[in-house]
Amino acid sequence: MSEVKQAGFKGIVYWICIVASLGGLLFGLDQGFIANALPTINKVYGLSLSGGESFAAILFTGSAIGAFCSGFLARGIGRKGSLLLSGALFVIMAAWSAFLPMYEILYWLRFFIGFAIGIASFVVPLYLAEAAPAKIRGSMGTLFQLMITVGILVISVTNVIFIRLISSHVERLPLMFIVIVLFALVMFIGGIFLPESPRWFMLKGKRDKAINVLKKTLNTQEEVDFEIKEMEEVIGTGEKSGTVFTKNFLKILLVGMFMMIFQQTSGINVMIYYAPTIFGYAGITGLIAMLTVPVVNLVFTFPAIWLVEKWGRKKLLYAGSVIMIITMLGTAIGFLMIGTPTPGVAIAAFPKVLILVSIIVYIFGFAFSWGPVAWLVCSEIFPLRGREVGMTITTMINWYWGGWVILYALTIMQVWGNASLFFIFAFVMILSLVYIYFWVPETQGVTLEEIEENLNNGKKLRNLGS
Ligand code: BGC
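For the sequence shown, position 347 matches number 965 in the numbering used here, and the numbering has no gaps at all.
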């Protein structure tokens, strides 16, 4: 297949990508919501510790099931339709929660919010990869991650503000939910005006509609013809070679699954969820403990938007892994130096600073690499006909694996000592270097169709993009 010749694209492409990536923002709002809101929920509903935990955990269950269903949804009602469905669920469930219904209902509302996240975390990267022209596909794909980090920060800040300003738990909890409702409304209304993915139209045999969408995003008829031809070639051969359960598909599926496993076993959500606790073990408290991680996470996702097209995906992953290995070792050493603190005796400044700086740099390392690139690569590597199945499985893995890491992290620190967890994360990141080298293809600047053709031709996994 020849090179993609793009003379540029229209401003509407950016609009499409911004609205669609609001799904990422809602993902972030809910990911960051629980940590700060749970103490308030516990007070309002009189939950026990395990009650609070199961309330938090139901989100993960909902997300995994939502991700499972989203493959069928994206195929049946389209990418746009799925996006609208998840937006509507966010609005209804969060608004209902703001009325503080009885606990059993609130619990199931949380499940459906998780369900909506599951759909959004699947369909947004898929939509962005399909609707954005190849030249900026990487940058637009990383927008998804940027919006997740914006969501995590926004909800961290607004929840801290509500906690500080409003002393009544019953009055502050509805406001916490209303923040989610407002953003969900923007996504839903914005989503109504999005075009459907041209690749989905082609899959459904609606060639004219696909052409109409491409005309809105591309500048010349030549570019439109080129993209249509590429899609037709892929769909034409897809029956034999692009279907699921072929050896090639299973190979690329493993690449995607490990991408998500490594992303989650890097320990990122331990920081997102437990940073205040972990900082607390090192004697660091207050706003620094509550807001450092979300701020650094957001700020350093920006460089990724630009670097992902300049350096490519693999270099970013290598750089991220190396930074995360060094900083996890730094954190572990800091905790070894602290040992078991004696109550009443202040913790020495050096290990404290070492841990703080290490975690800040660690978040920086994740934010510009594994955060955006894992989702991006999983949206790029699968053949068109197996894309929904592939992304469904990788998204589910992301949620399930993340859940396991969260479930055991603090216990590992308690049982094996605080440093142990960070040694484990450092070790996992060392393994990730081997994985990147042998398995991960460089997908920068190639069309999704070229990647697919290379896969069908039996090229080595790491050469799929060349
Ligand atoms: C991960 C989430 C994580 C977030 C942090 C995402 O890429 O999938 O699990 O909470 O990054 O920014």
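Beta carbons are placed, not taken as given, at the ideal position from N, Cα and C, and that holds for glycine.
- Distance from the Cα of valine 742 is smallest, within the candidate group Leu764, Tyr725, Tyr721, Phe730, for Leu764.
- Isoleucine 981 has its Cβ no nearer than 6 Å to any heavy atom of the ligand BGC.
- For phenylalanine 986, no alpha helix (DSSP H) encloses it, and the DSSP letter there is neither H nor E.
- Under the criterion of beta carbons closer than 8 Å, valine 979 and threonine 945 qualify as touching, at roughly 5 Å.
- Contact between the stretch 988 to 1006 and the stretch 933 to 951 is established, with three or more Cβ pairs separated by less than 8 Å.
- The Cβ neighbour count for isoleucine 630, taken over all protein chains shown within 10 Å, is under 16; the residue is labelled exposed.
- Shown here for valine 873: same chain residues with a beta carbon closer than 7 Å to its own, the five before and five after excluded, namely Ile999, Trp1057, Val1058, Leu1079 in chain order.
- Cβ-Cβ distances below 6 Å link valine 797 to Thr776 in the same chain, with the five nearest sequence neighbours on each side left out; the list follows chain order.
- Taking a C-beta distance under 7 Å as the contact criterion, leucine 1002 and alanine 802 do not qualify as a contact pair.
- Relative to the non-hydrogen atoms of the ligand BGC, the Cβ of asparagine 915 comes within a distance shorter than 6 Å of at least one.
- Classified as buried, serine 704 has 16 or more neighbouring CB atoms from the shown chains inside 10 Å of its CB.
- If one requires a minimum length of 4 residues, the alpha helix (DSSP H) runs lying completely within the stretch 919 to 943 are 920 to 928, in chain order.
- With a threshold of 16 other beta carbon atoms within 10 Å, glycine 684 meets it and is buried.
- Fully contained in the stretch 1004 to 1050 is no beta strand (DSSP E) run of length 3 or more.
- In the displayed model, leucine 647 falls within a helix according to three-state DSSP.
- For glycine 684, the shortest C-beta to heavy atom distance toward the ligand BGC is 6 Å or greater.
- With three or more CB-CB distances shorter than 8 Å, the stretch 900 to 916 counts as touching the stretch 771 to 785.
- With a cut-off of 6 Å, the C-beta of threonine 945 is classified as distant from the ligand BGC, since no heavy atom of the ligand falls inside that distance.
- Cβ atoms of alanine 1044 and isoleucine 943 come within 8 Å of each other, at about 5 Å.
- The alpha-carbon separation between isoleucine 735 and glycine 641 amounts to approximately 8 Å.
- Across the structure, leucine 791 and glutamate 841 are spaced so that their CA atoms are roughly 51 Å apart.
- When the beta-carbon positions are compared, methionine 877 and cysteine 996 come within less than 7 Å of each other.
- With fewer than 16 neighbouring CB atoms inside 10 Å of its own CB, glutamate 722 falls in the exposed class.
- In the structure shown, leucine 836 adopts extended strand secondary structure according to DSSP, grouped into three states.
- Taking C-beta atoms under 8 Å as the contact rule, phenylalanine 880 and phenylalanine 986 fail to qualify, at a distance of about 16 Å.
- Here aspartate 843 is exposed: its Cβ has fewer than 16 other Cβ atoms, across all protein chains shown, within 10 Å.
- The closest heavy atom of the ligand BGC lies less than 6 Å from the beta carbon of glycine 1020.
- Counting other Cβ atoms within 10 Å of its Cβ, methionine 805 reaches 16 or more and is therefore classed as buried.
- With 16 or more neighbouring CB atoms inside 10 Å of its own CB, arginine 817 falls in the buried class.
- Under the 8 Å Cβ criterion, the stretch 1048 to 1067 does not count as touching the stretch 697 to 713, having fewer than three qualifying pairs.
- Cα atoms of phenylalanine 730 and alanine 692: separation of roughly 18 Å, rounded to the nearest angstrom.
- Around the Cβ of tyrosine 1026, a 10 Å sphere holds fewer than 16 other Cβ atoms; the residue is exposed.
- Here valine 788 has Val662, Leu718 as same chain residues with Cβ atoms under 8 Å from its own Cβ, once five neighbours each way along the sequence are excluded.
- A distance criterion of 6 Å places the beta-carbon of glutamine 839 beyond contact range of the ligand BGC, judged by its closest non-hydrogen atom.
- Lysine 869: member of the alpha helix (DSSP H) spanning 865 to 883, first to last residue.
- The ligand BGC has a heavy atom closer than 6 Å to the beta-carbon of isoleucine 886.
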